[in-house]
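> Quick note: the UniProt record's numbering has the sequence shown finishing at residue 345, numbered continuously throughout.
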Amino acid sequence: MSKQVKLGYNDKRRLIIPSLIVFLLVYIFLPVLSANAIIADQVIAVVNKSPITLYDFAKFNEPAFENYEQMQKDASSGIFNSNDERIMTSTKKIINFLVDKLLIKQEEQKAALYISPKKIDAYIKAVAKSNQLTVPQFKKMLKTKGVSYREYKKQLEEHFMQFSLLRKIYGNKMNITNAMLLSYYRKNIEEFRGRKEEDLKLIFISVPTGASKALRKKIYNKMLHIRNLALQGNVSFSSLASKYSDDPSEKNGGRIGYVYKDKLSPSFSSLAFKLKVGQISKIIRSKFGYTLLKSVGKKYGSYKSFEQVKQRIFVLLEKNKTNKYMSKLVKKARKNSFIKVLLVS
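#1: CB-CB under 6 Å to K196, same chain, minus the five flanking residues each way: which ones, in chain order?
#2: On a Cα-Cα basis, can you pick out the residue from P266, L166, Y114, F57 that is closest to K319?
#3: Can you list the alpha helix (DSSP H) stretches of 4 or more residues lying completely in the segment 199–259, in chain order?
#4: Given a cut-off of 8 Å, decide if V135 and A126 are closer than it, judged by their beta-carbon atoms.
#5: Just grab the DSSP bridge partners of V46 for me.
#6: Sort out for me which residues DSSP pairs residue 368 with in a bridge.
#7: Would V277 be called buried (16 or more neighbouring beta carbons within 10 Å of its own) or exposed?
#8: Do G257 and S242 have their CB atoms nearer than 8 Å?
#9: Which one of Q155, L316, L113, K118 has the shortest CA to CA distance from I176?
#10: Can you give the Cα-Cα distance for K324 and M174, rounded to whole angstroms?
#11: Figure out for me which residue from N96, L98, K153, S130 has the closest Cα to the Cα of D121.
#12: For I280, which of helix, strand or coil comes out of DSSP?
#13: So, does the segment 335–344 touch the segment 43–56, judging by three or more C-beta pairs under 8 Å?
#14: Quick check on DSSP: helix, strand or coil for L103?
#15: Can I280 and Y290 be called in contact, C-beta distance under 8 Å?
#16: Quick one: Cα of S116 to Cα of Y303, how far?
#17: Would you call the CB atoms of I203 and K222 closer than 8 Å?
#18: Which whole-angstrom value describes the C-beta separation of D56 and M71, a residue pair presumed to lie in contact below a C-beta threshold of 8 Å?
#19: Once DSSP output is grouped into helix, strand and coil, what is the label at residue 347?
#20: Quick check: what's the CA-CA separation for Y244 versus I226?
#21: Hey, out of S90, A179, G210, whose CA is closest to F288's CA?
#22: Excluding the five sequence neighbours on either side, which residues of its own chain have a C-beta within less than 7 Å of the C-beta of D100, listed in chain order?
#23: So, does the segment 147–164 touch the segment 101–114, judging by three or more C-beta pairs under 8 Å?
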């Protein structure tokens with residue numbers, strides 16, 4: 001039998017907001033309606049006799065609420081816009097989300113769950129420590145990210161409540177064993193390799209701003225001739241770069257050295273990192289001109305050990321399990337509940 005792992009929170013790369021509530025926190029940091037808004041009395045949905053109001057909608061996602069409100073005003077005046085369908089689709093998704101959230105809250109109440117404030121405080125202290133911060137420093141960091149400490153604690157409470165609910169309903173199915181972690185590591189080893197670097201040379205020929213179609217074609221044909229010479233191998237790529245390239249790298253025979261994928265534009269990186277050593281790319285066209293790339297070397301990052309990435313894998317598997325079983329719970333709750341959406345479409 002696999003030994004269950006109890007992991008701490010010492011991985012500095014771990015997200016500050018717990019992953020367990022991904023299912024319910026997709027929109028968590030969207031702007032919220034000001035507290036003095038008085039729109040609480042219009043019920044837009046009912047879940048087992050519990051109402052969801054327009055205020056809940058507005059508080060959850062003010063921009064979406066304002067779009068819906070404006071659409072309704074326009075419709076009452078006989079004005080219909082091309083965005084109406086998109087707004088209604090977004091509105092329905094948000095209402096479904098609020099329904100699911102309320103269903104989970106009701107399931108938690110049925111289970112009579114309680115999370116001690118001491119548990120939340122201990123967790124915050126552990127997270128702060130893992131980020132090499134004191135709790136006061138951690139509070140300041142949250143503030144700089146636009147998250148109030150009170151809201152953060154509220155989200156933590158939801159996190160622990162949801163996990164406790166899933167644990168109570170699904171029991172050992174929520175366990176993550178060391179064998180599971182190791183299996184994922186072995187099957188997905190490439191995920192835990194350092195970043196690859198590509199040693200590149202290039203030849204670049206610029207195209208003047210506003211160049212005519214004829215001039216562009218002339219410059220393209222010139223680059224095509226250069227590429228053919230390079231492929232034939234009678235003249236080295238470096239010599240061709242020194243002779244023809246408009247890029248500063250021509251002084252080094254076109255060599256730009258080792259680069260990471262994210263340091264290149266997508267149009268370049270998608271080609272450059274597929275090249276075999278010694279291979280020359282096709283001609284790459286941009287608004288600035290034409291480019292040829294040649295791979296002259298590769299560096300592969302070293303693999304991280306299992307111990308180095310164990311916590312990261314744990315977070316990932318934990319999130320996957322939570323999403324899976326939370327979806328099952330909500331599906332069952334919807335089937336056994338009275339749900340009526342009253343929002344005008």
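Ideal Cβ placement from N, Cα and C applies to all residues, glycine included.
Walking through what the data contain:
#1: For K196, the CB contacts under 6 Å within the same chain, skipping 5 residues up- and downstream, are Y300 in chain order.
#2: Comparing Cα-Cα distances from K319 to each of P266, L166, Y114, F57, the minimum goes to L166.
#3: Taking only runs of at least 4 residues, the alpha helix (DSSP H) segments lying wholly in the segment 199–259 are 213–232, 237–244.
#4: No; because the gap between Cβ atoms is not below 8 Å, this pair is not in contact.
#5: Under the DSSP definition of a beta bridge, V46 partners with P51, K340.
#6: Since the first residue shown for the chain is 1 and the last is 345, residue 368 is missing from the structure and cannot be characterised.
#7: Label assigned to V277: exposed.
#8: Not in contact: G257 and S242 (Cβ atoms no closer than 8 Å).
#9: The candidate whose alpha carbon is nearest that of I176 is L316.
#10: If you draw a straight line from the Cα of K324 to the Cα of M174, it is about 10 Å long.
#11: That would be K153, whose Cα lies nearest to the Cα of D121.
#12: I280 falls in the strand class under three-state DSSP.
#13: Segments in contact, yes.
#14: DSSP places L103 in helix when its eight states are reduced to three.
#15: No, Cβ-Cβ distance for I280 and Y290 is not below 8 Å.
#16: Their backbone Cα atoms lie some 40 Å apart in a straight line.
#17: Not a contact, by the Cβ cut-off of 8 Å.
#18: Taking C-beta atoms under 8 Å as the contact rule, D56 and M71 fail to qualify, at a distance of about 18 Å.
#19: The requested residue 347 does not occur in the structure, where the chain is confined to residues 1 to 345.
#20: Computed Cα separation, rounded: 8 Å.
#21: Of S90, A179, G210, the residue nearest in Cα terms is G210.
#22: Sequence-distant partners of D100 (beyond 5 residues in either direction) whose C-beta falls short of 7 Å from its own C-beta, in its chain, are V330.
#23: Three or more beta-carbon pairs drawn from the segment 147–164 and the segment 101–114 are found closer than 8 Å, and the two stretches are therefore classed as touching.
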